[in-house]
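First the structure, in the form of structure tokens, and then the observations on it.
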Amino acid sequence: MIDTVVFDIGNVLAEWHWRENFTAMFGEALVEPLADATVRSPEWYEMDRGVLSESELIALLTKNAPQHAAEIERIVRENHTFVTTYPYADSWLRGLHDAGYKVYILSNFGDFSYNRAKPGFTFLKHADGALISYEVKLVKPDRAIYEALCTRFDIVPENAVFLDDRPENTEAARAFGMQAVTVESKAQADAALRELGVCWAE
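Using the numbering used here, the first residue of the sequence shown is number 447, and each one after it goes up by one.
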């Protein structure tokens, strides 16, 4: 029986609208080259892993596109502004928590970006805890991060469901023994939770 619900943040509880911000900041022509140099690069995930300082990340990303050094530095320093909490996030977590479920957060985030964005994550007050990737130097979909979550919060994997927007992350959660929902929309996620027997007042 499900007694624990675990949420990702990006595109589940908050929208990560980097493309719109890139367009507004730099113009349409630079969106793809800057994305390839930053948010779609392997180095970006090393930020989430918490093994790079902000200045180290900027230096590494700049090597991908030296001609856009100024733009890349701005992206790194302002990345936290590319995330906006969904209006339903607070009530979603509160409803589940009030119904008796344990509620946790498991998200890939770099330390400086997360700590700058955190004041806007008002839903955190309805969570029983959070494990952010940089804290444990692990990233989804590494199996070890799901193990770290369950160990830290004494979660029984088969009694937990994990919600994430990326199929590779939900597949990894299932392989670890958790239930999982690949989130496409709030309504779809709600329906999937109810199919698993998770009941709460909206």
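All residues carry an ideal CB built from backbone N, CA and C; glycine is no exception.
Residue i classed as buried or exposed, judged by whether at least 16 other C-beta atoms fall within 10 angstroms
i       : result
Asp-610 : buried
Arg-497 : The residue asked about is misnamed: residue 497 is Val in this sequence, not Arg. The residue in question, Val-497, is exposed, as its Cβ has fewer than 16 Cβ neighbours within 10 Å.
Lys-548 : buried
Val-585 : buried
Thr-508 : buried
Gln-634 : exposed
Gln-625 : buried
Met-447 : exposed
Cutoff 6 Å; reference residue i; Cβ partners in own chain excluding five residues on either side
i       : result
Pro-587 : Glu-614, Asn-615 and Ala-618
Glu-604 : Gly-623
Glu-500 : Phe-558
Val-582 : Ala-594
Val-644 : Ile-448
Under the three-state DSSP convention, the category residue i falls into
i       : result
Ile-601 : coil
Ala-460 : strand
Thr-484 : coil
Val-644 : coil
Val-582 : helix
Val-497 : coil
Phe-680 : Residue 680 is absent from the model: the chain starts at 447 and stops at 648.
Leu-631 : A small correction: the amino acid at residue 631 is Ser; Leu does not occupy that position in the sequence shown. Ser-631 falls in the coil class under three-state DSSP.
Bridge partners - residue i, DSSP secondary structure assignment
i       : result
Gln-625 : Val-607
Ile-551 : Phe-453 and Ala-576
Thr-530 : Glu-461
Contact set for residue i: own chain, Cβ-Cβ below 7 Å, skip 5 residues either direction
i       : result
Arg-540 : His-572
*Could you say if the segment 480–488 and the segment 545–565 meet the contact criterion of at least three C-beta pairs nearer than 8 Å?*
no
_Meets three-Cβ-pair contact criterion under 8 Å: the segment 461–471 and the segment 554–570_ = no
*Taking contact to mean at least 3 C-beta pairs separated by less than 8 Å, is the segment 514–524 in contact with the segment 567–577?*
no
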